[in-house]
Amino acid sequence: MTKKIAIIGASGYTGAELIRLIASHPGMEVAALAANSKAGQSMASVFPFLRHLDLPDLVIWEQIDFARIDLCFCALPHKTSQEVISQLPAEMKIVDLSADFRLRDPADYKNWYGNDHAAVEMQQEAVYGLTEFYRDRIAGARLVAGTGCNAATGQYSLRPLIQAGVIGLDDIILDMKCAVSGAGRSLKENLLHAELSEGYNAYAVGGQHRHLGEFDQEFSALAGRPVRVQFTPHLIPANRGILSTGYVSGDAKAVHETMLRAYADEPFIEVLPFGETPSTHHVRGSNFVHLGVTGDRIEGRAIVVAALDNLCKGSSGQAVQNANLMLGLPETQGLMAAPLFP
-6 MTKKIAIIGA
4 SGYTGAELIR
14 LIASHPGMEV
24 AALAANSKAG
34 QSMASVFPFL
44 RHLDLPDLVI
54 WEQIDFARID
64 LCFCALPHKT
74 SQEVISQLPA
84 EMKIVDLSAD
94 FRLRDPADYK
104 NWYGNDHAAV
114 EMQQEAVYGL
124 TEFYRDRIAG
134 ARLVAGTGCN
144 AATGQYSLRP
154 LIQAGVIGLD
164 DIILDMKCAV
174 SGAGRSLKEN
184 LLHAELSEGY
194 NAYAVGGQHR
204 HLGEFDQEFS
214 ALAGRPVRVQ
224 FTPHLIPANR
234 GILSTGYVSG
244 DAKAVHETML
254 RAYADEPFIE
264 VLPFGETPST
274 HHVRGSNFVH
284 LGVTGDRIEG
294 RAIVVAALDN
304 LCKGSSGQAV
314 QNANLMLGLP
324 ETQGLMAAPL
334 FP
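Going by this note's numbering, the sequence shown opens with residue -6, and the numbers climb by one from there.
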């Protein structure tokens, strides 16, 4: 039986991406769409590229009849998300795409996001949504916290290596190039075409990026001791995609072999032949991750390059993958479409 889906925050990029994916999903149907700022409008007026679909009009979230909903995606900004989710029915299955339930420690949340968590009990209940590493817990969860798109990219690069002990833990560097859609749909001066095009810039330099909280939490838990990586994101004039270049100490061939073993059975993760590196062009619009490993001219150093689509595998595709598990559907259902190229 087709599962009825609600999306709160449907007028943003991740909300639209959820609709795009569910439109061809044989096990899900969009039954309700909410976006308080655009309530009363049709999705065709908000996103003309979805005009061909028969979709419900946007409403405020309080108007949704959750008794007929099997799972709700919440694609709201952090802080707003926890306020809304805490008011949803207690039995409702929820996949949250915001940052509100990613960090397990309320003090960490306050440190990185600047406010006290308003739903601490739910924060403890939430399962971290990096599917390939938490799928057993996700399958039985009521609330799943989607990862940050940068956090997901870096973890696909490094988790197997930290777990296997094949790299040093005190000199990890992550350099990421991030497309502009990762900043959301709201108007920002620095994202205007004239401000952004024909160049790119580093931001959140020196350990200010909030996704570092996820790196600290996840990598330290894997290693059994504190792990702090250096991470600098860069905003590039592209609509979709993240390319992460990781610099680590360790034998490059051992790093590559570890990646091959770790991801051998993962349907969405492709480890390239040794010495090859990926491009964001090769994963655009898809739920796939491409990983490449190469050596460096400096002996004992390796370079790990990862590419994914920030709106799909980094957010909405990951959310659908998790929802499949939560609803007892095949994990890959609705997500195997090939990337768009060129």
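Note that the Cβ used here is the ideal one computed from N, Cα and C, for glycine as well.
Measure the Cβ-Cβ separation of T7 and S309 and say whether it is below 8 Å.
Counting from 1 along the sequence shown, the entry for residue 7 is found at position 14. Counting from 1 along the sequence shown, the entry for residue 309 is found at position 316. The answer is yes: Cβ separation under 8 Å.
So, do the segment 151 to 168 and the segment 237 to 245 have three or more beta carbon pairs nearer to each other than 8 Å?
They touch, by the three-pair rule.
Quick test of your reading: I1 and A83, contact by CB under 8 Å. State the CB separation rounded to the nearest angstrom.
Here residue 1 is taken as the residue at index 8 of the sequence shown, counted from 1. Here residue 83 is taken as the residue at index 90 of the sequence shown, counted from 1. Wrong, their Cβ atoms sit about 17 Å apart, outside the cutoff.
Would you identify the three-state DSSP class for I87, choosing helix, strand or coil?
Here residue 87 refers to the residue found at position 94 of the sequence shown. If DSSP states are grouped into helix, strand and coil, I87 belongs with the strands.
E76 classed as buried or exposed, judged by whether at least 16 other C-beta atoms fall within 10 angstroms
If you number the sequence shown from 1, residue 76 lands on position 83. Exposed, by the Cβ-count rule.
Helix, strand or coil at P266 [DSSP, three-state]:
Taking the sequence shown and counting its residues from 1, the one referred to as residue 266 is at position 273. DSSP places P266 in coil when its eight states are reduced to three.
Kindly indicate if chain B contains any beta-carbon less than 8 Å away from that of D101.
The chain inventory of the structure shown lacks chain B, comprising one protein chain alone.
Which same chain residues, not among the five before or five after K31, have their C-beta less than 7 Å away from its C-beta?
Reading the sequence shown from its first residue, position 38 is the one you call residue 31. Answer for K31: S4, V39, L51, listed in chain order.
Return the Cβ separation of N143 and M115 in integer angstroms, given the expectation that the two are a contact with Cβ distance under 8 Å.
On the sequence shown, residue 143 is found 150 positions in, with the first residue counted as 1. On the sequence shown, residue 115 is found 122 positions in, with the first residue counted as 1. About 24 Å; that fails the 8 Å criterion.
Only counting the same chain, and skipping five residues up and downstream in sequence, which positions put a Cβ closer than 6 Å to that of G285?
As a position in the sequence shown, residue 285 is number 292, starting the count at 1. Closer than 6 Å at Cβ, skipping near neighbours: L265, E269, T270, P271, V298.
Can you tell me the Cα-Cα spacing of I229 and A60, whole angstroms?
For the purposes of this step, residue 229 is taken as the residue at position 236 of the sequence shown. For the purposes of this step, residue 60 is taken as the residue at position 67 of the sequence shown. Looking at the two C-alpha atoms, the distance is approximately 43 Å.
In the segment 31 to 114, which residue ranges form an unbroken beta strand (DSSP E) of at least 3 residues, counting only runs that do not cross its ends?
Taken in chain order, the whole beta strand (DSSP E) runs of length 3 or more contained in the segment 31 to 114 are 64 to 67, 86 to 89.
Taking 8 Å as the cut-off, does the segment 130 to 141 touch the segment 105 to 112 (at least 3 CB pairs, one atom from each stretch)?
no
What is the rounded straight-line gap between the Cα of F281 and the Cα of R95?
By 1-based counting over the sequence shown, the position of residue 281 is 288. By 1-based counting over the sequence shown, the position of residue 95 is 102. If you take the alpha carbons of F281 and R95, they lie about 22 Å apart.
Locate the alpha helix (DSSP H) running through I166, then write down its first and last residues.
Here residue 166 refers to the residue found at position 173 of the sequence shown. No alpha helix (DSSP H) holds I166; the beta strand (DSSP E) holding it covers 166 to 171.
Tell me the rounded alpha-carbon separation between L167 and A37.
Residue 167 sits at position 174 when you count from the first residue of the sequence shown. Residue 37 sits at position 44 when you count from the first residue of the sequence shown. Going from the Cα of L167 to the Cα of A37 covers about 39 Å.
Per DSSP, cross-strand counterpart(s) of I1:
Mapped onto the sequence shown, residue 1 falls at position 8. Partner(s): A27, C67.
Under a Cβ-count criterion, where at least 16 other Cβ atoms within 10 Å of its own Cβ denotes burial, should L333 be classed as buried or exposed?
As a position in the sequence shown, residue 333 is number 340, starting the count at 1. Exposed, because fewer than 16 other Cβ atoms sit within 10 Å of the Cβ of L333.
Using the C-alpha atoms, what's the distance from A16 back to A312?
Your numbering for residue 312 matches position 319 in the sequence shown. Your numbering for residue 16 matches position 23 in the sequence shown. In a straight line, the C-alpha of A312 is about 15 Å away from that of A16.
Report yes if the CB atom of G234 is closer than 8 Å to the CB atom of R203, and no otherwise.
Sequence index remark: in the sequence shown, residue 234 carries index 241 (1-based). Sequence index remark: in the sequence shown, residue 203 carries index 210 (1-based). No, Cβ-Cβ distance for G234 and R203 is not below 8 Å.
Take Q90 as the anchor and find which of T325, D163, K72, A195 has the nearest alpha-carbon.
Looking up residue 90 in the sequence shown gives position 97. Inspection of the sequence shows that residue 90 is occupied by Leu rather than by Gln. Nearest option by C-alpha distance: K72.
How would you call D63, buried or exposed, if buried means at least 16 neighbouring beta carbons within 10 angstroms?
Your numbering for residue 63 matches position 70 in the sequence shown. It is buried - the Cβ of D63 has at least 16 other Cβ atoms within 10 Å.
Here's the rule I'm using: 16 or more other beta-carbon atoms within 10 Å means buried, otherwise exposed. How should M319 be labelled?
If you number the sequence shown from 1, residue 319 lands on position 326. M319 comes out buried.
Unbroken stretches of the alpha helix (DSSP H), 4 residues or longer, contained in the segment 125 to 196
142 to 157, 186 to 189
With Y240 as the anchor, note down where its alpha helix (DSSP H) starts and where it stops.
Translated into positions along the sequence shown, residue 240 becomes position 247. Counting along the chain, Y240 falls outside any alpha helix (DSSP H), though it belongs to the beta strand (DSSP E) covering 235 to 242.
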